[in-house]
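Undergrad:
In this note's numbering, the protein residues as written are 158 to 639.
(1) Cβ atoms of residue 565 and residue 234: under 7 Å apart, would you say?
(2) Count the other CB atoms within 10 Å of the CB of residue 382; is the residue buried (16 or more) or exposed (fewer)?
(3) Can you tell me which residues form a DSSP beta bridge with residue 349?
(4) Report all residues from its chain with a CB closer than 6 Å to the CB of residue 542; omit the five preceding and five following residues, and keep chain order.
(5) What does the alpha-carbon distance come out to for the pair residue 508 and residue 501?
(6) Distance check for residue 549 and residue 574, CA to CA, integer angstroms please.
(7) Counting along the chain, where does the alpha helix (DSSP H) carrying residue 269 start and finish?
(8) With a CB to CB cut of under 6 Å and the five nearest residues on each side skipped, what residues in its chain are close to residue 339?
(9) Could you check what DSSP says for residue 445 in three-state terms: helix, strand or coil?
(10) Would you kindly work out how many angstroms separate the C-alpha atoms of residue 238 and residue 244, rounded to a whole number?
(11) Buried or exposed: which applies to residue 398, given that a residue is buried once 16 or more other Cβ atoms fall within 10 Å of its Cβ?
(12) So, with DSSP's three-state summary, where would you put residue 285?
(13) Measuring straight from C-alpha to C-alpha, what distance separates residue 459 and residue 280?
(14) From 601, 207, 579 and 539, pick the residue whose C-alpha is nearest to that of residue 368; which is it?
(15) Check residue 236 in the structure and name its three-state DSSP category.
(16) Can you list, in chain order, the residues of its chain with a C-beta nearer than 8 Å to that of residue 492? Leave out the 5 residues immediately preceding and following it.
(17) Note down the Cα distance separating residue 628 from residue 571, rounded to an integer number of angstroms.
(18) Taking the alpha-carbon of residue 584 as reference, which of 377, 210 and 259 has the nearest alpha-carbon?
(19) Once the 5 residues before and after residue 479 are set aside, which same chain residues still bring their CB inside 7 Å of it?
(20) Rounded to a whole number of angstroms, what is the C-alpha to C-alpha distance between residue 254 and residue 298?
(21) Is the separation between the beta-carbon of residue 432 and that of residue 201 shorter than 7 Å?
(22) Measuring alpha carbon to alpha carbon, tell me which of 229, 415, 561 and 267 ends up nearest residue 471.
(23) Would you mind working out which of 219, 356 and 320 sits nearest residue 581, comparing C-alpha positions?
(24) Hey, how far is the Cα of residue 410 from the Cα of residue 620?
(25) What is the C-beta distance between residue 539 and residue 425, in whole angstroms, given that I count them as a contact (C-beta under 8 Å)?
(26) Report yes if the C-beta distance between residue 276 and residue 462 is below 7 Å; otherwise report no.
(27) State buried or exposed for residue 562, treating a residue as buried only when at least 16 other CB atoms are found within 10 Å of its CB.
(28) Keeping to the same chain, check which residues put their C-beta closer than 6 Å to that of residue 523; ignore five residues upstream and five downstream.
(29) Under the rule that 16 or more other beta-carbon atoms within 10 Å means buried, what is residue 366, buried or exposed?
(30) Considering Cα atoms alone, identify which of 309, 250 and 555 is closest to residue 467.
(31) For residue 331, which of 371, 456, 486 and 441 has the nearest alpha-carbon?
(32) Give, in chain order, every unbroken run of the alpha helix (DSSP H) that is at least 4 residues long and sits entirely within the segment 287 to 324.
(33) On a Cα-Cα basis, can you pick out the residue from 261, 455, 313 and 315 that is closest to residue 285?
(34) Count the other CB atoms within 10 Å of the CB of residue 485; is the residue buried (16 or more) or exposed (fewer)?
(35) If we cut at 7 Å on Cβ distances, does residue 397 have a partner in chain D?
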């Protein structure tokens with residue numbers, strides 16, 4: 158047996174990643190994952206497409222992803238040896254599933270991170286228009302790597318404050334908006350702020366069924382990263398206590414930060430008057446007479462993009478670290494620093510994010526590609542979410558004993574998994590209804606073809622053959638031990 162095979166067979170990961178993320182970090186990471194840049198900048202376009210029915214769009218997506226998170230939570234807590242969802246996918250579906258899930262998740266965040274780096278350079282140019290765009294883009298990548306390199310706690314602290322800024326901005330918007338509604342604020346164009354604006358112009362579905370469907374295309378991207386706490390499982394203090402808290406708070410976050418915020422915005426400004434090309438957050442603060450609204454919201458969106466890129470660097474580095482331990486990535490990426498940070502995996506993610514700097518330098522117009530990029534990211538995230546659900550279905554069939562012992566069982570169980578998978582099928586169909594999202598839908602399979610070719614090569618290596626044999630023995634013996 159080779160040295161690599163012995164490592165895999167032993168599954169001995171100590172000393173491994175350090176459990177330094179506290180409940181405070183995990184809670185704010187979960188909130189930061191649920192509040193994407195799409196809420197601040199993309200919600201205007203979503204409202205213009207779907208009208209007030211956008212509230213139902215966010216509620217439906219948030220509800221469905223809550224069940225994905227609950228399935229993930231039960232699986233992660235069934236075995237604290239799991240570092241992330243790629244681990245249990247490999248255990249229950251086979252080594253190929255861990256490979257495809259891990260690398261697809263890496264690809265998801267790299268695509269999202271590149272978009273964030275480009276966005277950061279654009280937001281900085283709001284204040285320093287003469288500054289070459291590649292400078293803030295490069296500075297962002299270098300700064301984020303520097304923040305993640307010392308310890309995992311440094312990442313947790315950075316994400317804590319990034320998320321806190323987003324929360325303060327949204328709560329402030331809700332308070333200011335409610336004050337405008339209750340004082341019957343009248344805009345310069347004569348429209349009065351009132352809750353009736355939600356239904357007095359064509360009802361809740363003024364753009365019809367297809368307008369409602371169109372809202373899902375953009376809104377889905379706002380939720381990518383909601384599963385981030387799953388990649389932090391191996392570095393979470395007391396995961397049996399802290400992961401359930403973070404996951405169970407998702408419905409409250411969705412209702413407050415998405416539904417209430419957008420309901421207030423559409424109460425202050427009738428939905429037909431909301432521009433799809435402008436942040437409705439900026440527009441509402443401007444209406445309220447807050448002169449620095451544009452600068453404030455620009456700063457909030459800048460930190461939101463930085464938060465997303467920060468999460469991307471963290472999650473991709475941990476995923477590559479796990480893949481390297483399983484033989485799905487070069488062994489150099491499995492090395493930890495003295496402070497137990499996977500520095501080589503971190504540098505790999507940083508190198509790929511630098512491609513965002515290159516795009517800023519050579520690109521003419523990057524805005525046109527944004528919808529395609531975000532759709533590709535959404536589709537790949539849906540693949541990862543689906544793998545979590547399928548893993549759960551197999552887990553329930555093969556390990557009913559673990560489910561019986563679970564202190565955090567998924568509500569609805571297997572039946573709810575099929576409901577959510579059907580919903581993802583609906584989302585894929587929704588992406589076919591517009592030319593730009595359809596184009597992204599047709600391009601996305603190229604990634605899986607590339608993965609398939611790579612897997613066909615590496616699956617013949619001794620370490621992978623040993624894992625496949627162990628999986629077959631585990632499946633036949635109906636036990637899963639890590």
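We put the beta carbon where it would ideally sit given N, CA and C, even for glycine.
TA: This is what the structure gives:
(1) Less than 7 Å separates the beta-carbon of residue 234 from that of residue 565.
(2) Around the beta carbon of residue 382, 16 or more other beta carbons sit within 10 angstroms, so the residue counts as buried.
(3) DSSP lists 343 as the beta-bridge partner residues of residue 349.
(4) Within the same chain, and ignoring the five residues on either side of residue 542 in sequence, the residues whose Cβ sits closer than 6 Å to its Cβ are 225.
(5) Approximately 11 Å, taken between the alpha carbons.
(6) As the crow flies, the alpha-carbon of residue 574 is around 8 Å from that of residue 549.
(7) Counting along the chain, the alpha helix (DSSP H) containing residue 269 begins and ends at 252 to 281.
(8) Closer than 6 Å at the Cβ level, and outside the excluded window around residue 339, lies no residue.
(9) Reduced to three states, the DSSP call for residue 445 is coil.
(10) Rounded to whole angstroms, residue 238 to residue 244 spans 9 Å at the Cα level.
(11) Exposed is the call here.
(12) In the structure shown, residue 285 adopts coil according to DSSP, grouped into three states.
(13) Approximately 6 Å between the Cα atoms of the pair.
(14) Ranking 601, 207, 579 and 539 by Cα distance to residue 368 puts 207 first.
(15) Secondary structure of residue 236 (DSSP, three-state): coil.
(16) So the qualifying residues of the chain are 499, 500 and 501.
(17) Looking at the two C-alpha atoms, the distance is approximately 23 Å.
(18) Out of 377, 210 and 259, 377 has the C-alpha closest to the C-alpha of residue 584.
(19) Closer than 7 Å at the Cβ level, and outside the excluded window around residue 479, lie 240, 241, 243, 244 and 259.
(20) Answer to the nearest angstrom: the Cα atoms are 30 Å apart.
(21) Yes.
(22) For residue 471, the closest C-alpha among the options 229, 415, 561 and 267 is that of 267.
(23) Its Cα nearest to that of residue 581, the residue 219 stands out among 219, 356 and 320.
(24) For residue 410 and residue 620, the distance between alpha carbons rounds to 43 Å.
(25) About 33 Å separates the beta carbon of residue 539 from that of residue 425, a gap too long to meet the 8 Å contact definition.
(26) Between residue 276 and residue 462, the CB-CB gap stays under 7 Å.
(27) Residue 562 is classed as exposed because its beta carbon has fewer than 16 other beta carbons within 10 Å across all chains shown.
(28) At residue 523, the pLDDT of 48 sits below 50, so the modelled position is not reliable and the matter cannot be decided from this model.
(29) With fewer than 16 other Cβ atoms inside 10 Å of its own Cβ, residue 366 counts as exposed.
(30) Here the closest residue by C-alpha is 309.
(31) Of the candidates 371, 456, 486 and 441, the one whose C-alpha sits nearest the C-alpha of residue 331 is 441.
(32) As for any alpha helix (DSSP H) of minimum length 4 sitting wholly inside the segment 287 to 324, the runs are 291 to 305, ordered along the chain.
(33) Nearest C-alpha to residue 285: 455.
(34) So residue 485 ends up on the buried side.
(35) Of the protein chains in this structure there is only one, and it is not chain D.
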